[in-house]
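Q: Encoded as structure tokens, here's the structure I'll be asking about.
Number of protein chains: 2
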Amino acid sequence: MSKDKAPRRPRAETPKGFRDYFGAEVTDRKAMLDTIAEVYHRYGFDPLETSAVETVEALGKFLPDVDRPNEGVFAWQDEDADWLALRYDLTAPLARVAAQFRNDLPSPYRRYAMGPVWRNEKPGPGRFRQFYQCDADTVGSSSVAADAEICAMLADALEATGIPRGDYVVKVNNRKVLNGVMEVAGVLDPSDPEKFAHERGIVLRAIDKIDRLGEDGVRALLGEGRRDESGDFTKGAGLSVAQADVVMGFMAAKRETGAETVARLRELVWQSTIGIEGVEELETIARLLNAQGYGPDRINLDPGVVRGLGYYTGPVFEAELTFEILDEKGRKRQFGSVAGGGRYDDLVKRFTGQAVPATGVSIGVDRLLAALRAKGRMQSDARGPVIVTVMDRDRMADYQAMAGELRRAGIRAEVYLGNPKNFGNQLKYADKRNSPVAVIQGTDEAARGMVVLKDLYLGARIAAEATVEEWKSQPAQSEVARDGLVAAVQHLLGQG
Amino acid sequence: MSKDKAPRRPRAETPKGFRDYFGAEVTDRKAMLDTIAEVYHRYGFDPLETSAVETVEALGKFLPDVDRPNEGVFAWQDEDADWLALRYDLTAPLARVAAQFRNDLPSPYRRYAMGPVWRNEKPGPGRFRQFYQCDADTVGSSSVAADAEICAMLADALEATGIPRGDYVVKVNNRKVLNGVMEVAGVLDPSDPEKFAHERGIVLRAIDKIDRLGEDGVRALLGEGRRDESGDFTKGAGLSVAQADVVMGFMAAKRETGAETVARLRELVWQSTIGIEGVEELETIARLLNAQGYGPDRINLDPGVVRGLGYYTGPVFEAELTFEILDEKGRKRQFGSVAGGGRYDDLVKRFTGQAVPATGVSIGVDRLLAALRAKGRMQSDARGPVIVTVMDRDRMADYQAMAGELRRAGIRAEVYLGNPKNFGNQLKYADKRNSPVAVIQGTDEAARGMVVLKDLYLGARIAAEATVEEWKSQPAQSEVARDGLVAAVQHLLGQG
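Chains A and B, in that order, give the protein sequences.
Residue numbering for the first sequence follows the working numbering, starting at 634 and increasing by one per position.
Residue numbering for the second sequence follows the working numbering, starting at 634 and increasing by one per position.
Here's what the structure looks like:
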């Protein structure tokens, strides 16, 4: 650690890519997390909170951008030589917990978790290096009923946060179908699963980028490679045109109804055992969801969804918001993905050597909040506290007593604690706090056993709109008896 | 980062000094944080959430144990050469925010914050390297009314979490009085504040350890130094016996009433301007609190409280729980400190060069939870979900529909998703989840439009207590019509 010998002052700055959250930004997110947790809990999931810090070996290397410095995590070496790192998601810690406590946890283990995760990535506009996730996972069930349940719960959670039906869709696909397509295209050999693994990785990431790169861009990545606008070249998977056709056909397999999509997928992968298994799983998921009333208006099959992470082994899902918002440049675009997940049957096995099936979902809470704000659907309570002003510095105890009475009646209230000399500053402060009411008691009012209440919201409206006559009559200001303070404030706040 | 070339499995372990929190451990803490936040909010404090990561230069070096490796923080070098670290408390980030946003924030700025903090310390029993704090601070008020308010709010917060009046005390002292004592003892020269700073640091830390070291231990540290049981020697402040007497006299200055304590302190520091200023601040705080009904049964003056941190400049306070608990070795001891704080007028100045007065408190939420648990005052809701068992694997959609109906009625419910073959395992699972009710529907019941409900709590009681006749009559099991499922479960849960 560098020693600052010079008396230079430290910079008052957040590190690059981090930010602070104030007031309603904090309470809005908390309300959303509480809402989602309630849904997860009602589905039988139990809370788990792991620490922010894990050993690097326990986290593993599963971030999509494997070529980033430090492999995408914030890591450091502990005194006893262990490498430690901040968690980059909530799934890797869960896999560690499922292995560590496998003899004590119920099986299946349904758990939910929420909290910040950290990514050592290049920060960009709206892209931070700390953000919140809110996950639910079922560990120890190989049944696709577990995947179906997660999809239904995701739909319920989105609706509970204020996304109405029709404004979102949960898209479901299956990695096994994709593996079947890979087999048909000749880049997966069931007798030697490691062969072509590198090529399949490129295919996977290429498909995942279809929204951004378009069909031509993906085709380039499936073939020799792609040169982007900056001139940088990304090496492709080296597939022939015929092979690429198979993959592209898979991505375009979505049909009007789930049944038609399933039929089309069956045509594509009928030669592949794993592919057909995947198609049948998709069929089962659709049937289970339909039986519970989760029709294609909420959850549907979409072969275009593959999810970037390498560890998925079966069903994968992604929730997209379907309404349009304006981007930074004022252009309309679909808001896009706010949640995703899937089945990862091998993550716990890393630790124990024994296969433990698992499936789960992660909701990107900060993105979901941004979406709700963009649609004007966040009703933040921005009302500040009642401000008891200080007219007479020696009577601080009286003012504190007033605030205390208001609080005991459940009203948010505080005494002005800045320098009370300039009364205008006190009202400016009340304004900045968005206070609804100021309480004023000078020596004169105190002697008469009275207090003055100033309705600051009404006052602001009058200042903006009133005629001189209305203004002079001071309708926003009233004098009430000191012992009627609480009732009078309650009345002004509409609680009377 | 080291590359694991060998196919060794990663260890499924939390890093040393970290732990996981399950189920009620998570929800109990959340409930406590919510309760405290509500009190803070009612007092007019606004939420602030800073990121876990700060630059090392912004954090500064204010941890009490300055001689620890890495100076007590987890730190690493970012790509652009900035040193970053996990915050070790919530005060340092607040000082950074107050400086960074000084033109936008209201002044005074009352804020509360909660979340984990990290200390790179040697872990010990019950001592973790990540723990929760829940802070409230007022930045920009030099009035001791701000300190008094924080003390009152701390008392309210403790009572709100379930600590009854009489089981806690908020002790208040003032660093200025201590400085006055230092002046009288000849280790503070008002004309050269830096002189003897090292000695004063030793005195401060020695006083803070009175509970652990006793009077003799503290005297040794005030003088030449102290050799502990392990043989390690800590160098002392080098005070003469007469000087040490002055300091020890200060620590023993507590009297029956606040007024007597103030009088005694006045005797001790009458030669010191700063000391008398401190005594008068204590008097004002006591007067303000008494006027609001916070008498010495809740908040009292105690010269024994100094707080270890070097940055305090005025009033300091500490909340102690006064009831006894049994320690690890079964010995009775007082639970001790669960919260502390004070005035720190120079922390923001580090950044801006301008003095910004500030005061605040931090509640150690994990310790407070441990105290409530030790006293049996946590009423955790440990009830698990209703379990819909799977008798017929092909009718999963029907079972899912039952769980869905229960959930829509607000009942926590889930379908068993493990291998359904062995029905005993399903009931064992329900037992492990602490489920109140199991729902059972085999082919036979389905054909008759019925379901069986098993009251698992009653069942467990009967298994433990019943006679053979009672047992045979199976009072814990009942058959109800499928379309009366929700009502029947509600009835069993006592919601009917």
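Just so it is clear, CB atoms sit at the ideal spot from N, CA and C, and this is done for glycine as well.
#1: Kindly indicate which three-state DSSP category residue 918/B falls into: helix, strand or coil?
#2: In chain B, what lies closer than 9 Å to residue 614/A by C-beta?
#3: Candidates 807/B, 768/B, 1100/B, 1023/B: which alpha carbon is nearest residue 1079/B's?
#4: Return the first residue and the last residue of the alpha helix (DSSP H) that residue 1056/B is part of.
#5: So residue 903/A contacts chain B; which residues on that side make the cut at Cβ distance below 7 Å?
#6: Residues of chain B with a CB under 8 Å from the CB of residue 995/A: which are they?
#7: Along the chain, where does the beta strand (DSSP E) containing residue 791/A start, and where does it finish?
#8: Is there at least one Cβ from chain A nearer than 8 Å to residue 831/B's Cβ?
#9: Looking at C-alpha atoms only, which residue of 650/B, 658/B, 645/B, 642/B is the closest neighbour of residue 1012/B?
#10: Pull up the distance between the alpha-carbon of residue 1109/B and that of residue 1004/B, whole angstroms please.
#11: Of all the CB atoms in chain B, is at least one closer than 8 Å to the CB of residue 659/A?
#12: Are the C-beta of residue 895/B and some C-beta of chain A separated by less than 8 Å?
#13: With a cut-off of 8 Å, do at least 3 Cβ pairs link the segment 1032-1052 of chain A to the segment 987-997 of chain A?
#14: If contact means a Cβ-Cβ distance below 7 Å, which residues of the segment 968-983 of chain B contact chain E?
#15: Does the beta-carbon distance from residue 1054/B to residue 953/B come in below 8 Å?
#16: On the CB-based measure, 16 or more other CB atoms within 10 Å of its CB, does residue 700/B come out buried or exposed?
#17: Compare the beta carbon distance of residue 1002/A and residue 785/A with 8 Å and say whether it is the shorter of the two.
#18: Let me make sure I understand the geometry here. Which of 740/B, 749/B, 706/B has the alpha-carbon closest to that of residue 723/B?
#19: Could you check what DSSP says for residue 948/B in three-state terms: helix, strand or coil?
#20: Cα separation between residue 1016/B and residue 1066/B?
#21: If we define contact as Cβ-Cβ less than 8 Å, is residue 1113/A a contact residue for chain B?
#22: Which bits of chain A does residue 1048/B rub up against, with CB to CB less than 8 Å?
#23: With C-beta atoms as the reference, is residue 648/A less than 8 Å away from residue 688/B?
#24: In whole angstroms, what separates the C-alpha of residue 1092/B from that of residue 1106/B?
#25: Is it buried or exposed for residue 911/B, if we count other Cβ within 10 angstroms and need 16 for buried?
#26: Between which two residues does the alpha helix (DSSP H) harbouring residue 768/B extend?
#27: Compare the C-beta of residue 950/B against all C-beta atoms of chain A and say whether one is closer than 8 Å.
#28: Check whether chain B comes within 8 Å of residue 1037/A, counting only Cβ atoms and requiring the distance to be less than that.
#29: Using the C-alpha atoms, what's the distance from residue 816/B back to residue 665/B?
#30: If I'm right that residue 793/B touches residue 971/B with Cβ under 8 Å, what's the distance once you round it to whole angstroms?
#31: Kindly indicate if chain A contains any beta-carbon less than 8 Å away from that of residue 756/B.
#32: Output needed for residue 1000/A: all residues of its chain with C-beta closer than 6 Å, excluding positions within five of it in sequence on either side, in chain order.
#33: Under 8 Å Cβ to Cβ from residue 871/B, same chain only, skipping five residues before and after it: list those, please.
#34: Tell me the residue span of the beta strand (DSSP E) that contains residue 1110/A.
#35: Relative to the alpha-carbon of residue 1127/A, which residue among 1112/A, 1090/A, 1116/A, 1095/A has its alpha-carbon at the smallest distance?
#36: Just the C-alpha distance for residue 1020/B and residue 711/B, rounded to the nearest angstrom, thanks.
A: In short, the structure shows the following:
#1: Three-state DSSP puts residue 918/B in a helix.
#2: Absent from the structure is residue 614/A, since the part of chain A shown begins at 634 and ends at 1129.
#3: 1023/B
#4: 1056-1065
#5: Going along chain B, no residue has its Cβ under 7 Å from residue 903/A, so there is no contact; the nearest lies around 25 Å.
#6: At a beta-carbon threshold of 8 Å, none of the residues of chain B lie near residue 995/A; the nearest stands roughly 18 Å away.
#7: From DSSP, residue 791/A is part of no beta strand (DSSP E) but of the alpha helix (DSSP H) over 777-794.
#8: no
#9: 658/B
#10: Each residue's CA atom was taken as its position, placing residue 1109/B and residue 1004/B some 37 Å apart.
#11: Taking 8 Å as the CB threshold, residue 659/A lines the interface with chain B.
#12: No, because no Cβ of chain A sits closer than 8 Å to the Cβ of residue 895/B.
#13: The segment 1032-1052 of chain A, when compared against the segment 987-997 of chain A, does not touch it at the 8 Å Cβ threshold.
#14: You won't find chain E in this structure, because its protein chains are A and B.
#15: Inclusion of residue 1054/B and residue 953/B in the CB contact set at 8 Å is not warranted, their separation being larger than that value.
#16: With a pLDDT of 45 at residue 700/B, under the threshold of 50, the modelled position of that residue is not reliable, and the figure given next carries that caveat. Answer is exposed; the Cβ neighbour count stays below 16.
#17: no
#18: 749/B
#19: strand
#20: 8 Å
#21: no
#22: Within chain A, 778, 782 have C-beta atoms less than 8 Å from the C-beta of residue 1048/B, given in sequence order.
#23: yes
#24: Answer to the nearest angstrom: the Cα atoms are 12 Å apart.
#25: Result: buried.
#26: Taken as a continuous stretch (DSSP letters only), residue 768/B belongs to no alpha helix (DSSP H), being part of the beta strand (DSSP E) at 763-772.
#27: no
#28: yes
#29: 43 Å
#30: Contact doesn't hold; Cβ gap of about 14 Å is too wide.
#31: no
#32: Only 971 meet the Cβ criterion.
#33: 832, 856, 857
#34: Run containing residue 1110/A: 1110-1114, per the beta strand (DSSP E) assignment.
#35: 1090/A
#36: Cα to Cα, the separation comes out at about 49 Å.
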